[in-house]
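Enquirer:
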Amino acid sequence: MGWLRIIGFFEGITLLILVFIAVPMKYYYDVPSLSKSLGPVHGILFILFIGYAFSVGAEQNWKFRKTTWKVILASFIPFGTFYIDKKILSKL
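Here is the structure:
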C-alpha cells in the first residue's frame with residue numbers, strides 16, 4: 172500500500188508539471204526540453220501506478236468496478252491521485 176501512495180504522489184506531481192508548466196512552455200515559448208525530459212518519467216510512473224493499483228486491489232480484495240476502477244481513472248485527471256489518496260488509500 173505504501174508504494175502505491177508514493178508512486179501516486181509522484182505520478183500526480185509529474186502530471187501537474189507537465190500539464191501546467193511543460194506543455195505551455197513547449198507550445199507558447201517553443202521550449203520543449205522540459206516536456207522531453209519529464210514526459211518519459213511521468214510515463215513510467217503512470218505505468219507503475221496502474222500496475223500497483225491492480226496489485227493492491229487484488230491484495231485488498233477491492234471490487235474492481237467500485238474501487239480499482241476509481242483509482243485507475245484518478246491517474247488520468249490532474250489532482251486525481253491526490254483526491255484518491257485522501258479518500259481511499261489513506262484509509263486502508
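Okay, so the sequence shown: first residue is 172 according to this note's numbering, each after it adds one.
Even for Gly, the Cβ is constructed at its ideal location relative to N, Cα and C.
#1: So for residue 234, helix, strand or coil by DSSP?
#2: Excluding sequence positions up to five away, which residues of its chain have a Cβ less than 7 Å from the Cβ of residue 190?
#3: According to DSSP, is residue 203 part of a helix, a strand, or is it coil?
#4: Per DSSP, what kind of secondary structure is residue 249 in: helix, strand or coil?
#5: Span of the alpha helix (DSSP H) holding residue 189?
#6: Kindly confirm or deny that the segment 174-188 and the segment 221-241 touch, where touching means at least three C-beta pairs closer than 8 Å.
#7: Is the number of C-beta pairs between the segment 209-218 and the segment 230-241 that are closer than 8 Å three or more?
#8: Rounded to whole angstroms, what is the Cα-Cα separation between residue 195 and residue 188?
#9: To which residues of the same chain is residue 252 closer than 8 Å at the C-beta, ignoring the five residues directly before and after it?
Expert: To lay it out plainly:
#1: coil
#2: Within the same chain, residue 190 has close Cβ partners 249.
#3: coil
#4: Coil.
#5: Unbroken run through residue 189: none, as it is neither H nor E.
#6: Contact check between the segment 174-188 and the segment 221-241: three or more CB pairs, one atom from each, fall below 8 Å, which counts as touching.
#7: no
#8: 10 Å
#9: Same-chain partners within the cutoff: 179, 180, 182, 183, 186, 220, 245 and 246.
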